[in-house]
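For reference, the structure is listed below as structure tokens.
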Amino acid sequence: MSDNSWRDMLAAERMRVDQEFEDRVQSSSFSRQQWGLVMTAVEFDIETPSDPETAQLIADTNSLPSVMGQIEQMDGGSMGGAAGGTGGTAGGGGLLSKLASLLSGGGSGGGERQREAESLAEEYAEQLQERLEKRDRWQSICEQAAEE
Numbered sequence: 010m011s012d013n014s015w016r017d018m019l020a021a022e023r024m025r026v027d028q029e030f031e032d033r034v035q036s037s038s039f040s041r042q043q044w045g046l047v048m049t050a051v052e053f054d055i056e057t058p059s060d061p062e063t064a065q066l067i068a069d070t071n072s073l074p075s076v077m078g079q080i081e082q083m084d085g086g087s088m089g090g091a092a093g094g095t096g097g098t099a100g101g102g103g104l105l106s107k108l109a110s111l112l113s114g115g116g117s118g119g120g121e122r123q124r125e126a127e128s129l130a131e132e133y134a135e136q137l138q139e140r141l142e143k144r145d146r147w148q149s150i151c152e153q154a155a156e157e
């Protein structure tokens, strides 16, 4: 349990931040289900935990590409033509086109969605850290992370 103990300490606060962050998710291009999938690919780390004054909670989004294809599939295989996607070329809805899009990260729309997911995850991390600081839990979490 020692390698996850500070992360375990985040669990209750994350549930509260999830509720507070709901409006932000609703104003994004992601559904609740898609955002949940994004968050399964995000890990939280603390930069310089030995100094809680300068320590920063960061969202490690390196695993996001592994879920972006699934997110695109939830949209029916495209970013959504009604939203102004660029998939209107001849044959854009064909199987080969969809496979090529998934293999390339969803085309330009997939890259934009990934950047949006990264940005939202960073906002979430900032909001979570602010909550931890307000509730005087940040220092103890940093201390625990510094010991690991």
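Counted from 1, the sequence shown has number 154 at position 145 by the numbering used here; the numbering is strictly sequential. Glycine residues also receive a C-beta, built at the ideal position from the N, C-alpha and C atoms.
Presumed contact (8 Å Cβ cut-off) between residue i and residue j, rounded CB distance
i   : j    : result
E22 : L129 : So it is not a contact: roughly 18 Å between Cβ atoms.
N46 : I67  : Strictly speaking, residue 46 in this sequence is Leu, with Asn absent from that position. No, L46 and I67 are not in contact; Cβ-Cβ is about 20 Å, not under 8 Å.
D54 : D69  : 5 Å
M24 : Q153 : Not quite, the Cβ-Cβ distance comes to about 19 Å (not below 8 Å), so this is no contact.
V51 : W44  : At roughly 10 Å, the Cβ-Cβ gap does not stay under 8 Å, so V51 and W44 are not in contact.
Buried versus exposed call for residue i [16 or more other C-beta atoms within 10 Å across all chains shown]
i    : result
C151 : buried
M83  : exposed
T49  : exposed
T57  : exposed
Q138 : buried
A20  : exposed
Any non-hydrogen atom of the ligand MG closer than 8 Å to residue i Cβ
i   : result
P61 : What this structure holds is no ligand at all, so the ligand MG is not there to describe.
Beta-carbon proximity check, residue i vs residue j, cutoff 9 Å
i    : j    : result
S14  : A155 : no
E125 : S37  : yes
G74  : Q148 : According to the sequence shown, residue 74 is Pro rather than Gly. No.
M77  : R122 : yes
Contacts around residue i, its chain only, beta-carbon distance under 7 Å, and the 5 residues preceding and following it disregarded
i    : result
F30  : Y133 and Q136
E131 : A68
T63  : T57
N-terminal and C-terminal residue of the alpha helix (DSSP H) that residue i is part of
i    : result
E156 : W147 to E156
D27  : S14 to Q35
R41  : R41 to T49
N- and C-terminal bounds of the beta strand (DSSP E) containing residue i
i   : result
E56 : E52 to E56
L73 : Premise fails: L73 is in no beta strand (DSSP E) and is neither H nor E.
Residues near residue i in its chain [Cβ-Cβ closer than 6 Å; skip 5 each side]
i   : result
Q65 : E56
Close beta carbons around residue i, own chain, < 8 Å, minus the five adjacent residues each side
i    : result
K143 : none
R146 : M18 and E22
R85  : A small correction: the amino acid at residue 85 is Gly; Arg does not occupy that position in the sequence shown. Hits under 8 Å: none found.
E127 : A68, T70 and L73
Q42  : M83
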